[in-house]
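Q: For the protein sequence lines, the chains are A and B, in the order given.
The numbering used here puts the first sequence at residues 142 to 480.
The numbering used here puts the second sequence at residues 142 to 480.
Glycine included, C-beta positions come from ideal geometry on N, C-alpha and C.
Protein chains: 2
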Amino acid sequence: MTDATTRAMRQPSMADVARAAGVSAQTVSRTLRDSPNVNPETRQRVLAAVEQLGYRFNSAAKMLSSGRSHTIGLVLLQSGGYYSRSAVTAGVEAAAGEAGYAVSIATIAGLDTGLMERSLGKLADQGVDGIVIAVPLISVTQKMEDITRDIPTVTVDGSRTAGARVLGIDQREAGRVATQHLLDLGHRQVWHVAGPDEWIEARQRRQGWQECLAVAGVEAPPVLEGDWSPDSGFRQGQILAMIPEVTAIFAASDEMAFGVIRALRERGRTVPDDVSIVSVDDIALAAYCAPPLTTVRQDFYASGAAAVSLLLQAPDPVDDAVIEPPLLSVRSSTAVPRL
Amino acid sequence: MTDATTRAMRQPSMADVARAAGVSAQTVSRTLRDSPNVNPETRQRVLAAVEQLGYRFNSAAKMLSSGRSHTIGLVLLQSGGYYSRSAVTAGVEAAAGEAGYAVSIATIAGLDTGLMERSLGKLADQGVDGIVIAVPLISVTQKMEDITRDIPTVTVDGSRTAGARVLGIDQREAGRVATQHLLDLGHRQVWHVAGPDEWIEARQRRQGWQECLAVAGVEAPPVLEGDWSPDSGFRQGQILAMIPEVTAIFAASDEMAFGVIRALRERGRTVPDDVSIVSVDDIALAAYCAPPLTTVRQDFYASGAAAVSLLLQAPDPVDDAVIEPPLLSVRSSTAVPRL
DNA sequence: GTTAGAAATGGCATCGATAACATAGGCTCG
DNA sequence: CGAGCCTATGTTATCGATGCCATTTCTAAC
């Protein structure tokens, strides 16, 4: 095993490139980082050497000496079906990639504060430059604040940590728009199948519904709570089907809405003839299942992207940002009430 | 700015811990890595110091000196709606987290080879210890092979690179099971709405369908190709609705199936009375939309998890692994054909 | 009572890139 | 024509943990 052999085996380093190009390692470094003070001719030679040796820089070394990892962490809830989260993820990835940042993910299995702490810790260990939290946890512990103190953090539709900025779609507005649509059609009362109360989205949508009813001078009926799944919608729908005066329902997600619709139909109540239903998300299937769902769409993708730019561009705490307003797609799950 | 101030400001290093515990940095390192030769008493002291100073190790330094990053890269297709991919992701994350590995994601926007190369390059730059490719790309270029040569790679339901191992659910079997179910009900012919041909899944499901028909001595009708979206299913459904002899359809995904169903219904053909339809995925909504869908479920989560364990446990190329077989859920979108 | 060997620990070089400083040549301007 | 200043480049120390080797202490065995 000669020295040459050894050198051939490991990844080429900057020193190797420098040798090949007949310059110092520092010049290579400058070239690769687009430093202004490099002679174009030298640059050419360096780039040629890089190409020829197949050099890739070592991110660990880069990070160790520069102190920055060019990585941002993304905390996610590990749960198959929640539409909005996956859209946020895509937005984060795209925006981070654009800016030359890598994205490291940490998923948590449940809404437990301990799990959350562990995830943040893992990301901190990895030395991420920033963190996007896309988890709807309400409570924030001391320990979480300790961890996030040193790392810029943006929370998407979640809880507010001391130093963290929060950015979110106006979920209250979504709830308001949905509810108002039903009232406009002539319904006197709107029932609500909410998401789990620990979810900020769920809470805000419920608030929007409540406020809208209050403005209209209607007393809000009791809230039925689901867990976002079609099955939970189905169970709450079975209850609603037994209450004759129910003519309009606002479901907090499309999937729950379809569950509710199925339960109603099984009890002989049709949508939209007997009951109108409107929900939030506008998943791809909303327009194609029977009946096509009237639903409020929100741009979660943009929200994820915005989180990243907030993280990277503004080092100082900034006031909350808000993405574009929710948009109602009227389809055939809603109609004027029967007389 | 005294020396003490400076020290208080940066993250404590191993040397700081060592000083606090009255040992050498080396001993701290050994303690933290569970090296056998450390006196229990010393270990206690070190751990106490770690706790007190709030020490977190610096992953860059660790990686630089040990040469391993404890990170695995995951290549994904950036596309909102594909059910199976997000399940794979969850599986990868869970298994990697379990093993103490971080997951870094690289999404690609389309099935372009150049994009793929760039993503792999980014992951290679990050120094990942392994890569899981969850992208159904067929072609593999020289450059991709160059990159993956040095890094262990597992492909989930995708193309085979020279050194890469491939692991997959038996999609052919899924296609076969679905088709056989329709034949068993008494249908003489089964039509197929396939996924895009660049997708390995789509191809394999189509193969299973084809083979099953061949075994039954039926000549396969022309294939209609969609793009997985409900909308594409709808468009192909409009065509199928115009062909009177169509009584049974196998759709390559649940979302497309719902699109097909809607198109059929708009042309006055009901499911399952006039036409039976079966698909693959078993998304949460499959049981709750109208009609509840007969569909084949596959364990993509397990597939993702298996990819990681393959990556971490077996350094040498191993033969392909196969996850548990697909399972048919019979609901009400399929029935015996009308006489 | 010496020696072999294990257990516990410390010292030093090292990984690869970068920051900070140093230097050499070329240009401008009074 | 020399002071002053840019430009292009090289030198050296540094980031923080680890690998390897050296050292000390202790125990067991002959």
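Given a cut-off of 8 Å, decide if A/D298 and A/P466 are closer than it, judged by their beta-carbon atoms.
A: Here residue 466 of chain A refers to the residue found at position 325 of the first sequence. Here residue 298 of chain A refers to the residue found at position 157 of the first sequence. No, the Cβ-Cβ distance between A/P466 and A/D298 is not below 8 Å.
Q: Whose C-beta lies closer than 8 Å to the C-beta of B/V459 among residues of the same chain, with five residues either side of it excluded?
A: Looking up residue 459 of chain B in the second sequence gives position 318. Residue confidence for B/V459 is low, a pLDDT of 45 falling below 50, so the modelled location carries little weight and cannot support an answer.
Q: Please work out which residues of its chain come closer than 8 Å, Cβ to Cβ, to A/P432, disregarding the five sequence neighbours upstream and downstream, and give them in chain order.
A: Along the first sequence, one-based indexing puts residue 432 of chain A at 291. So the list reads I402, V412, P413, R472, S473 and S474, once near-sequence residues are dropped.
Q: Which of the three DSSP states is assigned to B/G327 in this structure?
A: The residue given as residue 327 of chain B occupies position 186 in the second sequence. Three-state DSSP puts B/G327 in coil, outside helix and strand.
Q: Can you give me the start and stop residues for the alpha helix (DSSP H) that B/L188 sits inside?
A: The residue you call residue 188 of chain B lines up with position 47 of the second sequence. Per DSSP, B/L188 belongs to the alpha helix (DSSP H) from P181 to L194.
Q: Tell me the rounded alpha-carbon separation between B/H333 and B/R408.
A: Position 192 of the second sequence, counted from the start, is the residue given in the question as residue 333 of chain B. Position 267 of the second sequence, counted from the start, is the residue given in the question as residue 408 of chain B. Straight-line Cα distance between these residues: approximately 19 Å.
Q: In this structure, what does DSSP give as the bridge partners for A/S420?
A: For the purposes of this step, residue 420 of chain A is taken as the residue at position 279 of the first sequence. BP columns for A/S420 point to A/T436.
Q: Quick one: using the 10 Å Cβ neighbour count with 16 as the cut-off for buried, is A/G358 buried or exposed?
A: If you number the first sequence from 1, residue 358 of chain A lands on position 217. By the neighbour-count rule (16 or more Cβ atoms within 10 Å), A/G358 is not buried but exposed.
Q: If B/S444 sits next to B/V229, beta carbons under 8 Å apart, how far is it from one beta carbon to the other, in whole angstroms?
A: For the purposes of this step, residue 444 of chain B is identified with residue 303 of the second sequence, where counting begins at 1. For the purposes of this step, residue 229 of chain B is identified with residue 88 of the second sequence, where counting begins at 1. Contact flag correct, Cβ pair sits at about 6 Å.
Q: Sort B/V295, B/S200, B/S420 and B/A162 by Cα distance to B/R209 and report the nearest one.
A: Reading the second sequence from its first residue, position 68 is the one you call residue 209 of chain B. Nearest of B/V295, B/S200, B/S420 and B/A162 to B/R209, Cα basis: B/S200.
Q: With a 10 Å radius around its C-beta and 16 neighbouring C-beta atoms as the bar for buried, classify A/Q167 as buried or exposed.
A: By 1-based counting over the first sequence, the position of residue 167 of chain A is 26. Exposed: under 16 other Cβ atoms inside 10 Å.
Q: For B/Y442, which of B/E192, B/S154, B/G271 and B/A275 has the nearest alpha-carbon?
A: Residue 442 of chain B sits at position 301 when you count from the first residue of the second sequence. B/Y442 has its Cα closest to that of B/A275, out of B/E192, B/S154, B/G271 and B/A275.
Q: So, using beta-carbon positions, are A/A448 and A/L308 closer together than 8 Å?
A: Within the first sequence, residue 448 of chain A is the residue found at index 307, counting from 1. Within the first sequence, residue 308 of chain A is the residue found at index 167, counting from 1. It is a contact, given that the beta carbons lie within the stated cut-off.
Q: Using a C-beta cutoff of 8 Å, does B/Y429 count as contacting chain A?
A: Within the second sequence, the letter at position 288 stands for residue 429 of chain B. At least one chain A Cβ lies under 8 Å of B/Y429.
Q: Exposed or buried, what is A/A476 when buried is set at 16 or more other beta-carbons lying within 10 Å of its beta-carbon?
A: Your numbering for residue 476 of chain A matches position 335 in the first sequence. It is buried - the Cβ of A/A476 has at least 16 other Cβ atoms within 10 Å.
Q: Under 7 Å, CB to CB, which of the residues in the stretch 320–350 of chain A have a partner in chain B?
A: Correct list: empty, as no residue qualifies.
Q: Would you give the residue range spanned by the beta strand (DSSP E) that B/A476 belongs to?
A: In the second sequence, the residue the question calls residue 476 of chain B occupies position 335. It is not in any beta strand (DSSP E) - B/A476 carries neither H nor E in the DSSP assignment.
Q: Of all the CB atoms in chain A, is at least one closer than 8 Å to the CB of B/I246?
A: Position 105 of the second sequence holds residue 246 of chain B. It does: the Cβ of B/I246 has a partner Cβ on chain A nearer than 8 Å.
Q: Any idea what DSSP makes of B/T411, helix, strand or coil?
A: Within the second sequence, the letter at position 270 stands for residue 411 of chain B. Coil at B/T411, not helix or strand.
Q: What does DSSP give as the partner residue(s) for B/S470 in the beta ladder?
A: For the purposes of this step, residue 470 of chain B is taken as residue 329 along the second sequence, with counting starting at 1. B/T436.
Q: So, helix, strand or coil for B/M142, using DSSP?
A: Locating residue 142 of chain B in the second sequence gives position 1, counting from the first residue. In this prediction, B/M142 has a pLDDT of 35, which is less than 50 and means its spatial position is unreliable; what the coordinates show is noted afterwards. Looking at B/M142 - three-state DSSP - the assignment turns out to be coil, as it is neither helix nor strand.
Q: Apply the 10 Å Cβ neighbour rule to B/R184 and answer buried if 16 or more other Cβ atoms are within range, or exposed otherwise.
A: In the second sequence, the residue the question calls residue 184 of chain B occupies position 43. Buried is the call here.
Q: Report all residues from its chain with a CB closer than 8 Å to the CB of A/S245; omit the five preceding and five following residues, and keep chain order.
A: On the first sequence, position 104 is the one that residue 245 of chain A refers to. Closer than 8 Å at the Cβ level, and outside the excluded window around A/S245, lie T212, I213, G214, L215, L264, Q267 and V269.
Q: Restricting to runs no shorter than 4 residues, where is the alpha helix (DSSP H) found entirely within the stretch 307–363 of chain A?
A: Correct list: 312–326 and 341–356.
Q: Within its chain, find whatever has a CB closer than 8 Å to the CB of A/A404; leave out the 5 residues flanking it on each side and keep chain order.
A: Numbered from 1 along the first sequence, position 263 holds the residue referred to as residue 404 of chain A. Around A/A404: G374, F375, R376, Q377, G378, Q379, L381 and A382.
Q: Closer than 9 Å, Cβ to Cβ, to anything on chain A: give me those residues from the stretch 228–239 of chain B, in chain order.
A: Hits within the stretch, in order: A228, T230, A231, E234, A235 and G238.
Q: Please confirm whether A/P413 has its beta-carbon closer than 8 Å to some beta-carbon of chain B.
A: Stepping through the first sequence from its first residue, residue 413 of chain A is reached at position 272. With 8 Å as the cut-off, A/P413 does not count as an interface residue toward chain B.
Q: Mind checking A/P363: buried by the 16 CB within 10 Å criterion, or exposed?
A: In the first sequence, residue 363 of chain A corresponds to position 222, counting from 1. Looking at its Cβ environment, which holds fewer than 16 other Cβ atoms inside 10 Å, A/P363 is exposed.
Q: Can you find at least 3 beta carbon pairs, one from the stretch 158–165 of chain B and one from the stretch 190–199 of chain B, that sit closer than 8 Å?
A: The stretch 158–165 of chain B is in contact with the stretch 190–199 of chain B.
Q: Could you pull the DSSP bridge partners for B/G271 from this structure?
A: Here the question's residue 271 of chain B lines up with position 130 in the second sequence. In the DSSP output, where bridge partners are listed per residue, B/G271 has B/I213.
Q: Among residues of its own chain, excluding the 5 on either side of A/V331, which ones have a beta-carbon nearer than 6 Å to its beta-carbon?
A: The count along the first sequence starts at 1 and reaches residue 331 of chain A at position 190. If we look at A/V331 and ignore the five residues flanking it on each side, its Cβ neighbours are T320, L323, A389 and F391.
Q: Ordered along the chain, which non-local residues of its own chain (more than five positions away) have a Cβ less than 6 Å from that of B/L453?
A: The residue given as residue 453 of chain B occupies position 312 in the second sequence. Taken in chain order, the residues that qualify are A240.
Q: Give me the residue from A/L252, A/Q439 and A/V387 with the minimum Cα distance to A/P478.
A: Residue mapping note: residue 478 of chain A aligns to position 337 of the first sequence, counting from 1. For A/P478, the nearest C-alpha among the options comes from A/V387.
Q: Please state whether DSSP places A/E366 in a helix, a strand or coil.
A: For the purposes of this step, residue 366 of chain A is identified with residue 225 of the first sequence, where counting begins at 1. Three-state result, A/E366: strand.
Q: Note down, in chain order, every chain B residue with its Cβ under 7 Å from the Cβ of A/N199.
A: The sequence position of residue 199 of chain A within the first sequence is 58, counting from 1. Neighbours of A/N199 on chain B, chain order: G268.
Q: In terms of alpha-carbon separation, which member of B/I384, B/R406, B/R410 and B/G367 lies closest to B/D395?
A: Taking the first residue of the second sequence as position 1, residue 395 of chain B is located at position 254. It is B/G367.
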